Amino acid sequence: MQIIRPRTALAAAAVVLGLGLGQAPLARAADIPAPAPKLVVVISIDQFSANLFEQWRGQFTGGLGRLAREGVVYPSGYQSHAMTETCPGHSTLLTGKHPNKTGIVSNDTHDRATGVKVYCLAEADVTLAHDPKAPGVGPERLMADTYGDWLKAVSPASKVYGVSGKDRGAITLAGHKADGTFWFEPSFGFTTYVRAGETAAAKLAPVAALNAQLAAEQKKKPFVWTYADKRCQALEATYVTGGRTWKAQLPPPAATDAAGDLRDLYASPYTDAATLRAATSLREQFHLGDGPAVDVLTVSLSATDFIGHRYGSRGPEMCDQIARLDAGLGRFLTEVAKAKGGVLVVLAADHGGSDFPERLKAQGYDAGRVPGAAWVKDINTQLRASLGLAFDPLVQAGGINQLYVVGADKKALPPVERTRITTAALALVRAQPVVSSAYDVDALLTEPPAAADIPPDEISVEERMRRSAYPERSGDILIAFKPYLTMAAASATYVAGHGTPWNYDRRVPIIFWWPGAAGRERILPLDTVDIAPTLAAVTGVKPPADVDGRCQPLGSDGRC
Ligand SMILES: [Zn+2]
Numbered sequence: 024m025q026i027i028r029p030r031t032a033l034a035a036a037a038v039v040l041g042l043g044l045g046q047a048p049l050a051r052a053a054d055i056p057a058p059a060p061k062l063v064v065v066i067s068i069d070q071f072s073a074n075l076f077e078q079w080r081g082q083f084t085g086g087l088g089r090l091a092r093e094g095v096v097y098p099s100g101y102q103s104h105a106m107t108e109t110c111p112g113h114s115t116l117l118t119g120k121h122p123n124k125t126g127i128v129s130n131d132t133h134d135r136a137t138g139v140k141v142y143c144l145a146e147a148d149v150t151l152a153h154d155p156k157a158p159g160v161g162p163e164r165l166m167a168d169t170y171g172d173w174l175k176a177v178s179p180a181s182k183v184y185g186v187s188g189k190d191r192g193a194i195t196l197a198g199h200k201a202d203g204t205f206w207f208e209p210s211f212g213f214t215t216y217v218r219a220g221e222t223a224a225a226k227l228a229p230v231a232a233l234n235a236q237l238a239a240e241q242k243k244k245p246f247v248w249t250y251a252d253k254r255c256q257a258l259e260a261t262y263v264t265g266g267r268t269w270k271a272q273l274p275p276p277a278a279t280d281a282a283g284d285l286r287d288l289y290a291s292p293y294t295d296a297a298t299l300r301a302a303t304s305l306r307e308q309f310h311l312g313d314g315p316a317v318d319v320l321t322v323s324l325s326a327t328d329f330i331g332h333r334y335g336s337r338g339p340e341m342c343d344q345i346a347r348l349d350a351g352l353g354r355f356l357t358e359v360a361k362a363k364g365g366v367l368v369v370l371a372a373d374h375g376g377s378d379f380p381e382r383l384k385a386q387g388y389d390a391g392r393v394p395g396a397a398w399v400k401d402i403n404t405q406l407r408a409s410l411g412l413a414f415d416p417l418v419q420a421g422g423i424n425q426l427y428v429v430g431a432d433k434k435a436l437p438p439v440e441r442t443r444i445t446t447a448a449l450a451l452v453r454a455q456p457v458v459s460s461a462y463d464v465d466a467l468l469t470e471p472p473a474a475a476d477i478p479p480d481e482i483s484v485e486e487r488m489r490r491s492a493y494p495e496r497s498g499d500i501l502i503a504f505k506p507y508l509t510m511a512a513a514s515a516t517y518v519a520g521h522g523t524p525w526n527y528d529r530r531v532p533i534i535f536w537w538p539g540a541a542g543r544e545r546i547l548p549l550d551t552v553d554i555a556p557t558l559a560a561v562t563g564v565k566p567p568a569d570v571d572g573r574c575q576p577l578g579s580d581g582r583c
């Protein structure tokens, strides 16, 4: 290490203050107190990778710019588990726990007792306000409490509201005891779940006026996605994905039926704009942050993810989405800063992402596709032949990175047979050229965890997998496909995915902002499970003893 000796008294003083000569004076470290908010706003941008944040950071002029310039910025946050999907990623943000404790290991799992697929938030005892016949969703399967739940346990006057474009973006953040949990259904507006003894009308009351307004606006002048930022037009180009030739441009080609119109609307910046309006309206209606108790508002913005899947993340569509998000968040920050007791905002993401493999390949990356169900079918065919089976023993619930070993009825096998098939399947899966590594869930569930002092970017792939493994819910075989492989075939509404254990899917920005945060960059990694204990510390709440995360000091005194 080179020791630099200051040559003058001025230079020595600058070194003490951490300044280089010629730089504008920065605020002295001791001058920045930790925030003391009455409103905690948690923003998750679905699929907002650290790569996306870095790509556009220099262009931000709105809310993202304000957060990036004035906040405590961790450019390298990590969802440190392997199965980087929306439901598990959101489950880490406010529980302080990895998915192996939240129980939310993937968006869908296969239930070995009944032989059917189960959604991560499926709940039989609730109905949905917009459609009583739709399958129920609620927080029951989330096996951990959220920051809002911790807060309400010690501060019953505290109010907790959550809103999102997706049910899993709302429920996983708002938690078990929220006062209101709303998500956007494009055919209806904002909806929620209704428990026994409650009525849909009462539960929807906080969003009823907004829903009516959104419907009236759409009737009068339907949203058409044209460029908000004309510079994005320079990214227009023609691609071939899954044999389909299409031009990346705005507006996208009009749908041919009403269902297509709704699908296009959902996968557009409209969803985020509606979500931010709902969040603003909830803050105003319930005076969040205006009273003596600490209140919580969680906002999960889904459009970045929808757009990433539909059009990829490096085209004119994502360029325009990010510009609109920046502007929308600027207006939203101004709104939440009106909270009389002061606001603390934390922004993070449920997972990252990369781009569609055809565009990556043209840039020289060794990218490609594993054809999803067809790949599993091929493995099943080989297992049937080698083991003399009359049925397909492997099923997928959602992604093909998690496979369940089951009998002909899709239910659990006797242990001996299960072990025989799993052993053979693991050997076969590991021998596939597209596979980097594969794990037996029983081994993941019984091995001791990695030492707590290994940072989230340095933990092994096996440890990432271990953090995604939950008894009964996880598949028997967890698979890490080789980097840059998209684990699904392309379609007209899907070109790119995420869900891998690789850093492009795990690395997300984490930013804490409040008026007076004084813009500081923290370059070393932070785990998303650290967010909840940090929020708890600044609002005087004690997290449960078994959280995985640790408080990070937001003030400059290093105290938590
Ligand atoms: Zn997604």
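Numbering (my numbering), first residue to last: 24 to 583. Cβ coordinates follow ideal geometry from the N, Cα and C atoms, glycine included. Computed from a prediction, not measured in an experiment: that's the story for all the values here.
In this structure, DSSP gives Phe329 a helical state, which the three-state scheme calls helix. By the neighbour-count definition (other C-beta atoms within 10 Å, threshold 16), Thr169 is a buried residue.
Distances from the CB of Thr509 to the heavy atoms of ligand 1 are all 7 angstroms or more. Asp553 sits buried, since 16 or more C-beta atoms from the chains shown fall within 10 Å of its C-beta. Approximately 6 angstroms separates the beta-carbon atoms of Trp206 and Lys189; this is inside 8 angstroms, confirming the contact. When only Cα atoms are considered, Gly161 and Val369 end up about 24 angstroms apart. With a threshold of 16 other beta carbon atoms within 10 Å, Asp432 falls short and is exposed.
Nearest to Ala145 by alpha-carbon distance, out of Cys110, Leu117, His121, is Cys110. A direct Cα-Cα distance of roughly 35 angstroms separates Met341 from Val561. Ile546 counts as exposed, since fewer than 16 other C-beta atoms from the protein chains shown sit within 10 angstroms of its C-beta. Out of Ala473, Ile402, Lys243, Gln419, the CA that lies nearest to the CA of Leu412 is found in Ile402. Leaving aside the five residues that flank Pro494 on each side, the residues in its chain whose CB is nearer than 8 angstroms to its CB run, in chain order, Leu468. DSSP places Tyr334 within a helical segment (H, G or I) once states are collapsed to three. Taking a contact as a CB-CB distance under 8 angstroms, the pair Val418 and Tyr427 counts as one, their CB atoms being some 5 angstroms apart. Here the distance from the Cβ of His104 to the nearest heavy atom of ligand 1 is not below 7 angstroms. In this structure, DSSP gives Ile423 a state outside helix and strand, which the three-state scheme calls coil. Shown here, Asp499 sits in coil according to DSSP, grouped into three states, outside any helix or strand. Boundaries cannot be given for Ile55, as no beta strand (DSSP E) includes it and DSSP labels it neither H nor E.
In the three-state scheme derived from DSSP, where H, G and I count as helix and E and B as strand, Leu258 is classed as helix. Residues of the same chain with a CB within less than 8 angstroms of the CB of Ala360, apart from the 5 flanking positions on each side, are Val366, Pro538 in chain order. Between Asn130 and Glu108, the beta carbon gap of about 5 angstroms places them in contact (Cβ cut-off 8 angstroms). The closest CA to that of Val63, considering only Lys565, Ala316, Asp465, is found on Ala316.
8 angstroms or more divides the Cβ of Leu165 from the Cβ of Thr132.
Take Val393, set aside five residues on each side of it, and the residues of its chain with a beta-carbon closer than 8 angstroms to its own are Ile423, Val457, Phe504, Leu508, Thr509, Met510, Ala511, in chain order.
By the criterion of at least three beta-carbon pairs nearer than 8 angstroms, the stretch 276-290 is in contact with the stretch 320-335.
The beta carbon of Ile534 sits closer than 6 angstroms to those of Leu90, Gly94, Val96, Leu370, all from its chain and outside the five residues before and after it, given in chain order. Distance check between Ala466 and each of Pro576, Glu163, Lys565, Leu501 places Leu501 closest, using alpha-carbon atoms only.
Separation of Gln308 and Asp349 (C-alpha to C-alpha, rounded to the nearest whole angstrom) is 25 angstroms.
Taking all protein chains shown into account, Ile477 has fewer than 16 neighbouring C-beta atoms within 10 Å of its C-beta and is therefore exposed. Assignment of alpha helix (DSSP H) within the stretch 189-228, counting only whole runs of 4 or more residues, yields 190-197 in chain order. Contact between the stretch 197-217 and the stretch 247-258 is absent: fewer than three C-beta pairs spanning the two stretches fall below 8 angstroms.
Of the residues Phe246, Glu240, Pro506, Gln272, the one whose Cα lies closest to the Cα of Cys255 is Gln272.
The nearest non-hydrogen atom of ligand 1 is 7 angstroms or more from the C-beta of Asp131.
Bridge pairing for Trp269: Tyr262 [DSSP]. In this structure, the C-beta of Thr109 approaches ligand 1 to less than 7 angstroms from one of its heavy atoms. With respect to Thr523, Tyr101 sits apart: the two C-beta atoms are not nearer than 8 angstroms.
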